[in-house]
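With the sequence shown counted from 1, adding 2 to any position gets you my numbering. Glycine included, each C-beta is placed from N, C-alpha and C at the ideal position. Keep in mind the model is a prediction, meaning the values are calculated, not measured. Data first, discussion second: the structure below is written as C-alpha cells.
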Amino acid sequence: MNPENETHKTVKNSCHASEDFYKDFSSGKKSSSAARNSPENVKEELVISLVQSDIANGDIPANIAHFGQIIASGTADLWVLPETFATGFASTAPSLAQKDGGQVLQWMKDTAAAHSTAICGTVITEDNGRRFNRFYMVDSAGKVQHYDKRHLFSYGNEQKHISQGTERPVWTLLGWKIMPLVCYDLRFPVWSRNDSEYELMIVTANWPESRITAWDVLLRARAIENMAYVAGVNRVGNDILGSVHTGHSLAYSPLGKIIGESENGTECIVQVKMSYSRVHNIRDKYGFLADKDRFEISM
Numbered sequence: 003m004n005p006e007n008e009t010h011k012t013v014k015n016s017c018h019a020s021e022d023f024y025k026d027f028s029s030g031k032k033s034s035s036a037a038r039n040s041p042e043n044v045k046e047e048l049v050i051s052l053v054q055s056d057i058a059n060g061d062i063p064a065n066i067a068h069f070g071q072i073i074a075s076g077t078a079d080l081w082v083l084p085e086t087f088a089t090g091f092a093s094t095a096p097s098l099a100q101k102d103g104g105q106v107l108q109w110m111k112d113t114a115a116a117h118s119t120a121i122c123g124t125v126i127t128e129d130n131g132r133r134f135n136r137f138y139m140v141d142s143a144g145k146v147q148h149y150d151k152r153h154l155f156s157y158g159n160e161q162k163h164i165s166q167g168t169e170r171p172v173w174t175l176l177g178w179k180i181m182p183l184v185c186y187d188l189r190f191p192v193w194s195r196n197d198s199e200y201e202l203m204i205v206t207a208n209w210p211e212s213r214i215t216a217w218d219v220l221l222r223a224r225a226i227e228n229m230a231y232v233a234g235v236n237r238v239g240n241d242i243l244g245s246v247h248t249g250h251s252l253a254y255s256p257l258g259k260i261i262g263e264s265e266n267g268t269e270c271i272v273q274v275k276m277s278y279s280r281v282h283n284i285r286d287k288y289g290f291l292a293d294k295d296r297f298e299i300s301m
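This is how it looks when you write it as C-alpha cells:
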C-alpha cells in the first residue's frame, strides 16, 4: 500500500484543546496548604498529541511511513499512536510479530530522536518464543519503557495468540509519572487504582464502534476515581476482523472534564496541554485519594 493513497487521508489538527478547569479548582473549600509548584526536574506543561488514524492491515512499511509524516508535521512532548499501529489488530498472523520490537521499535527510536520527542504505541512483539501486545514508549534519548497488555480480550480469543503481561509498570517522562493501559485493560479499575503513583494515564486502543459508549464512560471514570489526567486514543476504519472503529479519542482532567476530543469517524490529531502543578493542587485541595481502600494486586 502506498502511504499517499486514499487509505490514509491527510491528518490535520481538527481539535486542539488546552486544559480548562479553573472554575472547578477555584470553587469549593480552600486548601489549607499553599499551592504547589512543579519540582525543578518536572516539565510543568506536558503537550500530548493523540493520533486518531486508520491502519493499513498488515502493511508495516506503509503504516510507519504514514505515522512518520504525521509526527514530522507537528510538535509535542509525546505522540500517542493507536494500538497495533504498525499492523492493525492481526494477532493471528505470526509473521507480523516483531522479535524484541524489531523494525517497528527501531522506527520509534529513530523518529523520536529525529524530532526530539517521545512516541508510544503497541507492537505485537515476540519475546522468548511468546507473543505480547507490548506498549512501548521511546523518548528522544532512546530510552525504552514498555508494558505488556495484562487483560486479554477473551471475547475475541486474544488469549489464544497473545501472552498475558505480568508486570504493572509506571513510566516516567519529563518528570511525569504515567500509567499505561492497552484497550481492554480500561474495563478493570483495580488494575489502574492510583496510590498516588501517577499523574497521567494513557490508553491506546482498537475499540469498536459497537461498544464505544463504554469507552467514553470508562475513560472519564478512570480520571475521576484516580484524580489523574486520562488520555485515550482510538483508531478509525475497519480492521481485518471486520470491526468498525469511529475514534472518540478523548482527554479528561483529573475532575472528569473533557479537555480534548476528536472529530469522530475521521483521521485527526487531538493535542492537549496538561499541568503538573494543577493535578497536585487539586489532589491537595480535595484529598479524595487519601480516603481510598487499601489492597494489594495479585499478579
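Per DSSP, the bridge partner or partners of residue i
{"i": "GLY262", "result": "ALA253"}
{"i": "SER277", "result": "GLU47"}
{"i": "TRP348", "result": "This structure leaves residue 348 out entirely; the chain is present only between 3 and 301."}
{"i": "MET139", "result": "CYS122 and GLN147"}
{"i": "LYS101", "result": "GLU128"}
{"i": "PHE134", "result": "THR127"}
Spatial neighbours of residue i in its chain, beta-carbon cut-off 7 Å, leaving aside the 5 residues before and after
{"i": "ARG152", "result": "GLN166, GLY167, ASP187 and TRP193"}
{"i": "GLY144", "result": "LYS111 and ALA115"}
{"i": "ASN39", "result": "SER279"}
{"i": "PRO210", "result": "SER245, VAL246 and HIS247"}
{"i": "PHE297", "result": "none"}
Own chain residues within Cβ distance below 8 Å of residue i, not counting five before or after
{"i": "ASP79", "result": "LYS45, LEU48, VAL49, ILE50, THR119, ALA120, LEU175 and LEU176"}
{"i": "ALA207", "result": "PRO84, GLU85, VAL184, CYS185, LEU188, TRP217, GLY234, VAL235, ASN236 and ARG237"}
{"i": "ILE62", "result": "ALA88, THR89, LEU98, GLN105 and VAL106"}
{"i": "SER198", "result": "ARG285 and LEU291"}
Cβ-based burial, residue i [other Cβ within 10 Å; buried from 16]
{"i": "ARG136", "result": "buried"}
{"i": "ALA162", "result": "Here residue 162 turns out to be Lys, not Ala, going by the sequence shown. It is exposed - the Cβ of LYS162 has fewer than 16 other Cβ atoms within 10 Å."}
{"i": "HIS282", "result": "buried"}
{"i": "GLY244", "result": "exposed"}
{"i": "TYR157", "result": "exposed"}
{"i": "ASN43", "result": "exposed"}
{"i": "VAL246", "result": "exposed"}
{"i": "ASN130", "result": "exposed"}
{"i": "MET301", "result": "exposed"}
{"i": "THR215", "result": "exposed"}
{"i": "PRO182", "result": "buried"}
{"i": "GLU263", "result": "buried"}
{"i": "SER277", "result": "buried"}
{"i": "PHE134", "result": "buried"}
Supposed contact pair residue j and residue i - C-beta distance, whole angstroms, cut 8 Å
{"i": "GLY234", "j": "VAL274", "result": "Their Cβ separation, rounded to whole angstroms, is 11 Å, which puts GLY234 and VAL274 out of contact at 8 Å."}
{"i": "ALA225", "j": "TYR254", "result": "4 Å"}
{"i": "LEU257", "j": "TYR231", "result": "Contact flag wrong, Cβ pair sits at about 10 Å."}
{"i": "GLY103", "j": "VAL125", "result": "6 Å"}
{"i": "ILE271", "j": "GLY76", "result": "7 Å"}
{"i": "ALA64", "j": "HIS117", "result": "That pair is no contact at about 20 Å."}
Same chain only: Cβ atoms within 6 Å of residue i, ignoring 5 sequence neighbours per side
{"i": "VAL140", "result": "MET110, LYS111, ALA114, ILE121 and VAL146"}
{"i": "PHE91", "result": "ASN208 and ASP241"}
{"i": "PRO171", "result": "TYR149"}
{"i": "ARG132", "result": "SER165"}
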